[in-house]
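This report refers to the structure that appears directly beneath it.
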Amino acid sequence: MFGRIFSARTVTLVTACVIVCLTDIQRDGSAGVELLYLQQIVDFAPKDISLTMFVSGILGFLCNLLVLPRAIKRGWMNGERMIYSGLLGIVVFQIGMAFTNTKAMAFCLLPLQAVPCSWFPAGLSAILSRYYGSDKIGHALGVLQSFTSLCGCIGPVVIGSLFAYTSLRGHGGITFLAAGIVSSVSFLVAVVMFSLIEYKRLVTGPDSDLTKPLVEASAGNAWTEVDAMNSRIYEAQKMGPIPVD
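What follows is the structure in structure tokens.
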């Protein structure tokens with residue numbers, strides 16, 4: 048019933064919003080307490096924090112400049128795989144943080160935030176652009192950004208409160224373990240929903256506006272019908288070839 052009522056583009060947007068909520072609440076929240084946690088567990092000094100931030104930035108820059116474009120060009124990476132890579136990176140980072148007990152482990156884990164995690168929002172934008180034309184993609188991304196901003200406000204409160212409660216009892220790692228579990232749920236939602244949409248397992252309504260002209264023809268304007276046809280052809284070109292089952 049859900050698929051029959053909503054179109055694939057709507058299902059995709061709702062799925063993206065759910066993934067953003069599950070991911071950004073704990074990601075934004077844990078970002079505010081991870082360095083405090085490392086100071087408590089492995090005696091992270093300010094110079095260590097500066098070094099990890101520098102290395103993370105360099106790795107993220109090199110991966111986005113050299114690795115990602117080649118992976119996309121050769122077909123190894125697409126929107127879905129960018130999301131999956133980002134979410135897996137977040138899961139590994141957060142669960143690893145829960146069991147970190149040395150500086151070496153911390154130095155290995157922190158760069159994970161800069162490399163695959165930066166692919167996550169780009170992958171969502173790539174998937175949404177398949178279902179929304181140039182005149183509607185701004186609205187879809189605006190909705191997604193609204194949820195991102197909301198989670199940026201809620202996350203630090205929720206995760207910060209949980210960390211304060213657990214760290215006082217000597218179990219601050221539970222906060223990151225819980226965040227990793229939530230990220231795992233987000234990863235499963237992404238895999239299941241995007242697979243259903245891609246392989247057309249959901250019976251959705253029509254996505255395109257091709258069922259009716261974008262510009263209504265009128266008797267007083269002979270060029271209107273031509274403009275309407277051109278608009279429909281343009282929309283069809285953006286959608287790409289129709290897959291053959």
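Each residue of the sequence shown is one higher than the last, beginning at 48 in this note's numbering. The beta carbon of each residue, even a glycine, is placed where N, CA and C say it ideally should be.
Take the Cβ of residue i as the centre, count every other Cβ of all protein chains shown within 10 Å, and call the residue buried at 16 or more, exposed below.
i	result
Thr-59	buried
Cys-200	exposed
Val-80	buried
Val-204	exposed
Asp-182	exposed
Phe-108	exposed
Gly-314	In the structure displayed, the chain extends from 48 to 292; residue 314 sits before or after that span and is not available.
Lys-259	Unreliable positioning characterises Lys-259 in this predicted model, as indicated by a pLDDT of 44, which lies under 50. The coordinate reading is nonetheless provided below. So Lys-259 counts as exposed.
What residue range is occupied by the uninterrupted alpha helix (DSSP H) comprising residue i?
i	result
Met-152	150–156
Ala-55	55–78
His-186	184–214
Ala-118	115–120
Met-124	Where Met-124 is concerned, there is no enclosing alpha helix (DSSP H), given that its DSSP letter is neither H nor E.
Ala-26	Absent from the model: residue 26. The displayed extent of the chain is 48 to 292, so no value can be given.
Asp-90	Neither: Asp-90 is in no alpha helix (DSSP H) and is coded neither H nor E.
Would you mind giving the Cβ-Cβ distance between residue i and residue j, rounded to the nearest angstrom? I have them listed as a contact below 8 Å.
i	j	result
Leu-191	Val-61	Actually they do not touch by this definition, with Cβ atoms about 11 Å apart.
Val-138	Gly-227	5 Å
Ser-242	Leu-69	So it is not a contact: roughly 17 Å between Cβ atoms.
Measuring only the C-alpha atoms, how far is residue i from residue j?
i	j	result
Ile-88	Thr-149	8 Å
Leu-197	Cys-164	19 Å
Ala-145	Ala-78	13 Å
Val-236	Val-229	11 Å
Cys-64	Pro-168	11 Å
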